[in-house]
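S.K.: Quick one: this structure, given as structure tokens, is what I'll be asking you about.
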Amino acid sequence: MKYIILTITILFVLGSNRLFAQNKHFTENGTITFEKTINMYAIFEKQITKDNESFLRPAFDSYKKTQKQFKVLKSTMTFGNNKTLYTPIEPETVTGGFFSDSPMAGQVNTVFTDLSAGSVINQKKVFEETFLVKDSTRKINWKITSETREIAGYTCRRANALVLDSIYAVAFYTDEIPVSGGPELFNGLPGMILGVALPHENVTWFATKVTDVPIDEKALAPPKKGKAVNNKSLYTTLSSVMKNWGEYAQIYLKAFML
Amino acid sequence: MKITIPALIIILCLCTVSVFAQNTYSVKGSVADTATSSKLTNATVSVLNAKDSILQKFTRVKDGNFEINNLKKGKLILLVTYPGYADYVDRFTLDSAHTTHDFGRIKMILKTQLLAEVIIKAKAAAVKIKGDTTEFNAAAFTVQPNAKVEDLLKELPGIQVDKDGKITAQGQTVNKVLVDGEEFFGDDPTLVTKNLRADMVDKVQLYDKKSDQATFTGIDDGVKNKTLNIKLKEDKKNGYFGKIDAEGGTDKYYQEQLMFNRFKGKQKFSVYGTIGNTGKTGLGWEDNSKYGNSSNGLEFGDGGEIYFYGGGGDDGLDSFSGQYNGQGIPLARSGGAHYDTKWNSDKESINTNYKIGSLNVDGTRNTQTQNNLPGVNDQPGIALNSNSDQTFHNHMFRQKLDATYQLKIDTSSNLKVSVDGTTKSSITNNHYNSTSFRNDTLLNKNTRDVINNGDQKIFNANVFYNKKFKKVGRSFSVNITEAYNQNKTNGFLKSETDFFGKQAGTQKIDQYKTGLSESNIINTNFTYSEPFTKALALVLNYGININNGRSDRRSFDKDASGNYTILDDTLSNNFKLNQLSNQLGAIFNYKKKKVIINFGSKVSTVNFKQIDEFTNNTLTRNFVNWYPQASFQYKFSQQQSFRINYNGNTSQPSIEQIQPVRVNTDPLNVTLGNPDLKPSFTNRISASYNSYKVISGQSIWLSGSYSRTINPIVSNVTTDDATGVSTYQSSNLKGHQTSNMYFNAYFDQKIPKVEINAGIGLNMNGSNYFNLASNQLAKNQLNETKVYTYSASFRLSKYKQKKYDFWAGAGPTYTVNSQSLQPLINNNGSGFNGYAGFNVYLPAKFQIGTDANYQYNAATQSVREDFRRTTLNASITKSFMKDESLKLSISGNDLLNQNVGYNRTGSGNLLTQERYTSIKRYFMLSLVWDFNHMGGGTPKK
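Chains as they are written, first to last, in the working numbering: chain A, 1 to 258; chain B, 1 to 941.
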């Protein structure tokens, strides 16, 4: 019975596409596989200061000998009905700690975004605690450019912005997916964001695959577990925890608030 | 579905409008194909600010029409896009006169492919071609100061940059620009001001397929693209830093240090010298990493695991904290030089160190010993008590040279060669006075001088090669080590013992002793790791180990003419112990998600050949030794993990335990070797759990271990009740297993609001040993020694960055130290430890700090007096200069003058208490200047 309903739905969706879209097929629901790439060398090197270099510089040389420059983490995004659910995929093998446990080098957010309502439910893992951040979608002042590139078979247009007042972000969105979402908490462009780069944080997210499939409403269920907070109260909590962390506090705060 | 999305967006916009805006600015129009006039439903319509192209609002075309309301007034841009069509861009203005703009029918044009082929005439230029990579040397091209990277690229032959920043190389569009392997997106100067400047560039590489470099950088999307990689210059350091530390104090205490370090490009050169009598014997850890061997510290394994190397532990002079063991008054001099450099694109490096130092330690030590003797019919025997006063003057001089060469052969293989050589010479001069009693009856009195000169030579060499194969997890490595150690000693033993009671008389010893111990160890180990699946791998290893040892000990008595020429056979022996072993191992590693399991075993066959050169007796024995291991680790999260671990270990007897010779350096306590000793086998199980909750500031740490040794090597003692002379000999004990255990638990919690960390700790460690004791009354009576220590502590601490910090802790202890031969006269007793301290940063760059330690040990049945000690240190520091590089401080060490050396131990059938000379109260004025001058560096990215 379920099978039949599914078949009918597919037929209907296909049919409706034929009916309305005369020239171009627009992907309104489906899944996207993202890859987050982190330049570990650059992140490591930024932690080297005048005071710790006698110790960290040789450690960095050793790191470069055995570890890859880029760490790659996968995630999937399901979208449909103007809602998106972004879920990180746990890596098969967990690599050891130290610099690799810095939040910029991990994936802490499971993000449900209701673009129609302009609301976000973000399950954020901060050390041992799981927060459920409920807030409105992040308002980003995107600057549209004429530069384009192809990502996962879609032509994307570049837009630049400052996120959280200081983080320079480059995003690539496609107007072929008329859903204004994106990976993590990036959104607000006239189409799906298939690529984000934070050049000064040495992190990028790029889509590797887009699958055009109907999405069951159940597959777009927001995360439920976690301590309910909003962005402001989360910031207050974290900054009081990291009060005495010295220069590392800013690095961690930035990564956790992103 | 298609209808609802734009509708919702419009509704949403309208909702916002109704609240805030009174004058609503809007645009509308319709979009269609030029040729067919068909409606382009779902075309994207965006409104941007004309001045900075920031996106204001966007919508999708529905039924061919669009409408955007609630815009802000001003100069605006309309951007209409549709896949496959050229962008439509139009500028317009909205103001009070024009609140709405109707674009009418916008006609979109299909993209026409205009192939503007640019033909580049390649100029002959000094460029390097490496395989399919073209490399440009940035230094060969001149650009204006502060020129951008784009300006540099324009200068390079074959590369063109158009006004939009689009790069064409050798006629093809460059799809990707990388900076140090990472994609470069170019900054929007209106958003960020950081810029990649041309003078930061070292090399520009151009390659057009998935070459070695592309593979290495890890960026591979399967597309063969023209890619430009901009290699930045490394932070070049030219400059120097150093430290001068001058300290002078009361009671002739002083400490002087001078260190200097110079950088020149990739070369680092440093020298240091220290002298002092406050207990610092070298550089501390921090200074050692700055001025000493920079290979100390963190290293990373293939799986990202971290190894920490403290280094310098075997140097004899600069231990980890730079402290001697606290017994006696030291005078330490040390000096050293360090050089390291890298070349050939950092593929090769050399690191070399020279260290020289001397240490004099003078002091006295008082030792009280209770020796428990066996009784008849399992009744407690008697106890012998002795009291010994020792004066020591020890001197050591040492030099060490080491060098390490590393070569990165290619991206998958590495070679490391290291060698070091040490020479040590020492003079020890000890004078003893001792008396022994049996139940208040004087047994003997002894006066003894032991003078010894030693010359030691140590040489180590190591070659390590490893290769990683293409298949992830497959690797091969070879490790070859040679260690040579030679120690020559010669000295005099002068002893006079008066025996009282039944066998009254005097024993005089005047002997010259020589010793030569030599060992040469060659280890080879081949390791191969083969992954079966992503999670499961097998690590195979094979090794041949050769261990040749020799110990030649001789004692000479005086002849009639007063020369030491008469060899004492009972005290002399020349002995060789040659071991040849073959080791084979197979260990399985399983690693998936949160679980890590490994299990397997190593097995070695050992050929044990003992040669007594005096008697020509040869004894050859063969052993098969097993080393099984298994461990299970579960990582709940990055901050919480559990681990349980088993390993079995075989311990071979040492040459000192085997050599059949009497050692009479202490004529009242003689040791004798046992050539029949066999290996013992230990089973150990340990487990640990730790959890750290960062947000709530809670940490828990539990760990414990239990081990039992089968066929243990124990030290048996035969005591002559009449004279008090004891003879010790090791043997394997059958039927009993010795055991060791410990358990530690820590719980820490940050108390919110006051932000104080509070913690409790529980510790226990214990061991059960056995040995056999004999005297005139009983032979080989089993003695069980129990040593257990229990302690609990409570602590509080608070830290406020650059303001103050304080800490305090205290707790009781209880020690069980008893022996079955003498259960009533044991050394069981309670105690108490406490500590506290603080540091406060005061205005005008003043800082004060103090710390105190309190120790109490109650009297026991064996030791009739209790022990209390409080040590208190304090300092006041004033910093000068902007960067606080000059510091003047006054400090007081042991203000209460109570620091006496004290120690209680128990082993075999002995209970011992020691008191010794230690550094007590003094005041010190010190001036420390950290200077540095760094220049010529390249600005950071």
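Virtual Cβ for every residue (Gly too), placed ideally from N, Cα, C.
Small disclaimer: the values here were computed from a predicted structure and weren't measured.
What do you get for Asn589 (chain B), buried or exposed, if any count of 16 or more other CB atoms within 10 angstroms of its CB means buried?
M.R.: buried
S.K.: Given a threshold of 16 other Cβ atoms within 10 Å of its Cβ, counted over all protein chains shown, does Gln503 (chain B) qualify as buried or as exposed?
M.R.: The residue is exposed, with fewer than 16 neighbouring Cβ atoms inside 10 Å.
S.K.: Say whether the stretch 677-688 of chain B touches the stretch 638-653 of chain B, bearing in mind that this needs 3 or more beta-carbon pairs closer than 8 Å, one atom from each stretch.
M.R.: yes
S.K.: The alpha helix (DSSP H) that contains Asp559 (chain B), what's its start and end?
M.R.: Asp559 (chain B) -> no alpha helix (DSSP H), and no H or E assigned at all.
S.K.: For Glu496 (chain B), list the residues DSSP reports as bridge partners.
M.R.: B:Thr447, B:Lys508
S.K.: So Gln822 (chain B) and Ala383 (chain B) are supposed to be a Cβ contact under 8 Å. How far apart are they, rounded?
M.R.: Their Cβ separation, rounded to whole angstroms, is 5 Å, which keeps Gln822 (chain B) and Ala383 (chain B) in contact under 8 Å.
S.K.: Whose C-alpha, out of A:Thr27, A:Ala159, A:Gly80, A:Thr148, is nearest the C-alpha of Leu48 (chain B)?
M.R.: A:Ala159
S.K.: Considering only the beta carbon of each residue, do Val269 (chain A) and Ala197 (chain A) sit closer than 8 Å?
M.R.: No statement about residue 269 (chain A) is possible, as the shown extent of chain A runs from 1 to 258 and does not include it.
S.K.: I want to see whether chain B comes within less than 8 Å of Phe205 (chain A), judged by CB atoms only; does it?
M.R.: For the sequence presented, residue 205 (chain A) should be read as Trp rather than Phe. It does not: the Cβ of Trp205 (chain A) has no partner Cβ on chain B nearer than 8 Å.
S.K.: Could you check what DSSP says for Ile140 (chain A) in three-state terms: helix, strand or coil?
M.R.: coil
S.K.: Excluding the five sequence neighbours on either side, which residues of its own chain have a C-beta within less than 8 Å of the C-beta of Lys65 (chain A), listed in chain order?
M.R.: none
S.K.: With DSSP collapsed to three states, give me the class of Phe256 (chain A).
M.R.: Residue state, collapsed to three classes: helix.
S.K.: Any beta carbon of chain A sitting closer than 8 Å to that of Phe92 (chain B)?
M.R.: no
S.K.: For Asp175 (chain A), I'd like the list of residues in its chain whose CB is within less than 7 Å of its CB, leaving aside the five on either flank, ordered along the chain.
M.R.: Pro190, Gly191
S.K.: Roughly how many whole angstroms lie between the Cα atoms of Ser239 (chain A) and Tyr41 (chain A)?
M.R.: 27 Å
S.K.: Leu911 (chain B): which of B:Ala792, B:Thr785, B:Phe846 sits nearest, CA to CA?
M.R.: B:Thr785
S.K.: Can you name, in chain order, every residue of its own chain whose Cβ lies under 6 Å from the Cβ of Val946 (chain B), other than the five neighbours on each side?
M.R.: Since the first residue shown for chain B is 1 and the last is 941, residue 946 (chain B) is missing from the structure and cannot be characterised.
S.K.: Using DSSP with H/G/I as helix, E/B as strand and the rest coil, what is Phe838 (chain B)?
M.R.: strand
S.K.: Can you tell which of A:Ala221, A:Lys232, A:Ser102, A:Phe70 has the C-alpha that lies nearest to the C-alpha of Thr87 (chain A)?
M.R.: That would be A:Ala221, whose Cα lies nearest to the Cα of Thr87 (chain A).
S.K.: With a threshold of 8 Å between beta carbons, is Asp216 (chain A) in contact with chain B?
M.R.: no
S.K.: Could you spell out the range, first to last residue, of the alpha helix (DSSP H) harbouring Ser881 (chain B)?
M.R.: Checking the displayed sequence, the identity of residue 881 (chain B) turns out to be Met instead of Ser. Here Met881 (chain B) belongs to no alpha helix (DSSP H), and DSSP marks it neither H nor E.
S.K.: Does Ser637 (chain B) have its Cβ less than 8 Å from a Cβ in chain A?
M.R.: yes
S.K.: Is there at least one Cβ from chain B nearer than 8 Å to Lys24 (chain A)'s Cβ?
M.R.: yes
S.K.: With 16 other CB atoms within 10 Å as the buried threshold, where does Gln781 (chain B) fall?
M.R.: buried
S.K.: Excluding five sequence neighbours on each side, which residues of the same chain lie with their C-beta closer than 6 Å to the C-beta of Thr352 (chain B)?
M.R.: Tyr339, Ala403
S.K.: In the structure shown, what three-state DSSP assignment does Pro263 (chain A) receive?
M.R.: Not covered by the structure: residue 263 (chain A). The range shown for chain A is 1 to 258.
S.K.: Which bits of chain B does Asn187 (chain A) rub up against, with CB to CB less than 9 Å?
M.R.: What Asn187 (chain A) touches in chain B: nothing, since even the nearest Cβ is about 12 Å away.
S.K.: Along chain B, which residues have their Cβ under 8 Å away from the Cβ of Glu92 (chain A)?
M.R.: Lys534, Ala535, Lys592, Lys593
S.K.: Which partner residues does Lys233 (chain B) have in the DSSP bridge list?
M.R.: In the DSSP output, where bridge partners are listed per residue, Lys233 (chain B) has none listed.
S.K.: Can you tell me which of the three DSSP states Ile695 (chain B) falls into?
M.R.: coil
S.K.: What is the rounded straight-line gap between the Cα of Leu925 (chain B) and the Cα of Glu247 (chain B)?
M.R.: 6 Å
S.K.: Quick one, which of B:Leu824, B:Ser696, B:Arg915, B:Ser425 has its alpha-carbon nearest Thr390 (chain B)'s?
M.R.: According to the sequence as given, residue 390 (chain B) is Gln; it is not Thr. With distances taken between Cα atoms, Gln390 (chain B) lies closest to B:Arg915.
S.K.: Roughly how far, in whole angstroms, is the beta-carbon of Asn909 (chain B) from the beta-carbon of Gly892 (chain B), given that I think they are within contact range, below 8 Å?
M.R.: That belief does not hold up - the Cβ atoms of Asn909 (chain B) and Gly892 (chain B) are roughly 43 Å apart, past 8 Å.
S.K.: Assign Asp949 (chain B) to one of two classes, buried (16 or more other C-beta atoms within 10 Å of its C-beta) or exposed (fewer than that).
M.R.: Because chain B in this structure spans residues 1 to 941, residue 949 (chain B) falls outside the shown range and cannot be described.
S.K.: How should Trp205 (chain A) be labelled, buried or exposed, when 16 other C-beta atoms within 10 angstroms of its C-beta is the threshold for buried?
M.R.: buried
S.K.: From the DSSP output, read off the bridge partner residues of Ala117 (chain A).
M.R.: Note: Ala117 (chain A) sits in no beta bridge, so no partner.
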